Amino acid sequence: STPSLYYFWKLVHQSLQFVALAVCCVPTCTMIYSLCQIIYPVRVFAGMNAAVRATVRVGLYTGAKVFFVHEGYQGLVDGGDNIRPATWESVSMMLQLGGTVIGSARCQEFRTKEGRAKAACNLVKLGITNLCVIGGDGSLTGANQFRNEWSELLAELVHAGKITSDEAKKSSHLNIVGMVGSIDNDFCGTDMTIGTDSALHRIMEVVDAITTTAQSHQRTFILEVMGRHCGYLALVTALACGADWVFIPEMPPEEKWEDHLCRRLAETRRSSRLNVIIVAEGAMDKNGKPITSNQIKHLVSERLGYDTRATVLGHVQRGGTPSAFDRILGSRMGVEAVMALLEATPDTPACVVSLSGNTAVRLPLMECVSFENNWNTYKLLAHMHPPDVKSNVSVAILNVGAPCAGMNAAVRSAVRIGITQGHHMLAVHDGFEGLAQGLPITWTEVGGWTGKGGSMLGTKRTLPAKVMEEISLNIAKFNIHGLIIIGGFEAFVGGLELLAGRQKYEELCIPIVMIPATVSNNVPGSDFSIGADTALNTITSTCDRIKQSAAGTKRRVFIIETMGGYCGYLATVAGLASGADAAYIFEEHFNIHDLKVNVEHLVEKMKTTVKRGLILRNEKCNPNYTTDFIFSLYSEEGKGVFDCRKNVLGHMQQGGTPTPFDRNFGTKMGAKAVLWLTDKLKECYRHGRIFANTPGSACVLGMRKRTLMFQPLDELRDQTDFEHRIPKTEWWLKLRPIMKILAKYKINLDTSEHAHMEHVIQKRSPVLMPV
């Protein structure tokens, strides 16, 4: 059976010399603890370098010998200098680089049995029995075929005299683990593949840029994105930018789609100065005939007479700096890949490591490449029109707390879905204080809000307890039947106060849903908050620039203060994404001894070829060990070895254009909130009026691991540390051991995440599928 992670690390740290000796003396099965190899096949995408960095460093940390294979499968076949040992320093300063530093190439020879025999010979000569392959379904299928033929290939090599019987015996089985990388996100069993988020960043940068031109000239823009068989990029781009139409392979348009498209564009142009159409390169109609961007351009120009432009993005989507998400995903997958290899036995099937929700999972490789990618969210917002019959229900939307990127996307989605449900939507400006002046908000008023940062409605931190009387009066005055609160911890506390106020004010007995939106990611009931990803990317890109300056000056350590209140999410995850040496947070107590250890670690680091350091500090991690104190301590203790600089990032973390993740997360959350509210309103309709007084009628909509869940506010009260404004349990704390090991600290990994083999058909809910 698979050993527990705790037992494994105990074995590595307490008996490492014995294991190394056993490698020399005990055949085959013990070899899995000694050698592994990393391959990049064929295609390139952002986030590859983060994955290989984590794989190399965790492999070296466990005592394994790790090799790079340069130029993908071609390097595996050619051997020689293409297969080289990897060192700790050789993967430094890789996180921020796009593509792959060890090269990637197509290899026709590996498709033949003779080519695979050459590859097997090269591996056996080096004693390599573990392969870590980073690529898409084609690359991983080839790796699985290589594994299945391994015994046969070794027999042929022995018969040909290219290897000895002893060499074949020592390498009698081959373990393979795959890390899924594809910008198309077309691999079944995983929510996000490495490279997808970065590709969306590139696409949205282009969309935001051409939108300004289109508005100025009243143009129609047609944007063609990659996706020959999978329309994920096109679909998510359309949701993120509020496109008028999207063409994807999975959803061929109905007959006479040309008429429907032109009618839709004409309707939109009455209230807007531009039209945006997104096309996947593999789009086709019901008859299998391709639909191209040029075909659509001629159609719109001839029928509507609009000034139309078509843009094909091409390989720009594969390049650029990796996003924070892809760096973290690559790092987590690299760690899990090493764990899978070290725990593998001859009977263990080849597997891939991937992400489901926020959880690392292992999946049998051949299950994944046999399924089509699924999707079911686009229909929610696509081509809907306001109903002829109104519901006579008024729903108010307000933002509470500090502003953050993605709030406007949630408001836009909620407003438009609410209108399609027949509801009367009210916009509340300036939080609970503005609830006294609710104003109607229309479909066109929220146009273009998805890509705007901050809060277009305005937001304040005032809690409802101070103005409860006025709120109840105005809920009755404006005949409000449901409330959507979008915000951070203040919104959560405000929801609890409204829930408590039901005992005194009957007007508050209406369905209430709270959507977490804060850069701090500290709202109980949700693993992620709208806005946190944008803040994380801001911090990560800033750290990249700071590290680059340190690379020029040499022997310099930077101390960076991040936001988050008492919640250390930003400091921890940004530390993992930027390759920080340490991240100080409130949740993990530290003392002067820990600071001393960190300084000594940096002193030793300066003796290597990597002569720079990066320290992150959460703004409220300790009232005494302030940023100034830590700066002074590092400056004094590092005198003569390194100098020190400090940066307080401040409110720049709350601004900026929303990332694709926050745009789409906000869009999905807003839509789901309104649909839940609609069902709850029907459920609570009694005796000619709406009356909701059960705990389940006031909920937080949050992401828990793999699904979006509605959790009663009252149930979350016991899970909350109100003094420090954080949940009592925070999932991301299990990432901290990974960050420390990648920074070369000697610690145990028994607190980290550990994935077991799962099956694709068992892994997902049939109702809640990710977009």
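Residue numbers for the sequence shown follow this note's numbering, beginning at 242 and rising by one. Glycine is no exception: its CB is placed at the ideal position from the N, C-alpha and C atoms. These figures come from a predicted structure and were not determined experimentally.
Bounds of the beta strand (DSSP E) holding V307 are K306 to V310. The beta carbons of F831 and G854 sit no closer together than 8 Å.
The beta carbon of N363 sits closer than 7 Å to those of L317, G320 and I324, all from its chain and outside the five residues before and after it, given in chain order. Under DSSP, the beta-bridge partners assigned to E802 are R858 and V889. Contact between V466 and L474 holds, since their C-beta atoms are separated by about 5 Å, short of 8 Å. Under the three-state reduction of DSSP, N385 is assigned to helix. The segment 975 to 990 and the segment 812 to 826 touch, with three or more beta-carbon pairs separated by less than 8 Å. DSSP places M697 outside both helix and strand once states are collapsed to three, so it counts as coil. Assignment of T461 by DSSP, reduced to helix, strand and coil, places it in the strand class. Less than 8 Å separates the beta-carbon of F951 from that of W917.
Note: T948 is bridge-paired with R945 in the DSSP secondary-structure output. Only buried fits F719, as 16 or more other CB atoms lie within 10 angstroms of its CB. Rounded to whole angstroms, the gap between the alpha carbons of K354 and S380 is 16 Å.
With a cutoff of 8 Å on beta-carbon distance, V365 and I417 are scored as not near each other.
A distance below 8 Å separates the beta carbons of C482 and V448. With a 10 Å radius around the Cβ and a threshold of 16 neighbouring Cβ atoms, P765 comes out buried. D378 carries a helical assignment under DSSP once its states are collapsed to helix, strand and coil. Around E543, the same chain offers no residue with a beta carbon nearer than 8 Å, after the five sequence neighbours per side are excluded. One Cα belongs to I682, the other to A655, and the distance between them is close to 11 Å. Of the candidates A706, T961, A776 and R904, R904 places its Cα closest to the Cα of G647. Looking at the DSSP output, S635 shares a beta bridge with H665. Residue range R977 to L983 is occupied by the alpha helix (DSSP H) that includes P978. If you draw a straight line from the Cα of S457 to the Cα of A643, it comes to about 32 Å.
In terms of Cβ geometry, V641 and I726 form a close pair [threshold 8 Å]. Membership of T549 in the beta strand (DSSP E) is indicated by the continuous run D548 to V553. Here Y986 carries a coil assignment [DSSP, helix/strand/coil]. The Cβ atoms of G675 and G699 sit closer than 8 Å to each other. Nearest C-alpha to M666 among V652, G672 and F673: V652.
With respect to V760, Q894 sits close: the two C-beta atoms are nearer than 8 Å.
Nearest neighbour of G723 by Cα position, chosen from M335, T478 and A914, turns out to be A914. Taking the Cβ atoms as the reference, Y807 lies roughly 38 Å from I931, outside the contact range of under 8 Å.
Considering only C784, F309 and N778, the residue with the shortest C-alpha distance to D567 is N778.
If you draw a 10 Å sphere on the C-beta of V838, you find fewer than 16 other C-beta atoms in it, and that means exposed. The Cβ neighbour count for N528, taken over all protein chains shown within 10 Å, is under 16; the residue is labelled exposed. For the 8 Å CB-CB criterion, K707 and D671 do not form a contact.
A buried status is given to I435, since no fewer than 16 other beta-carbon atoms sit within 10 Å of its beta-carbon.
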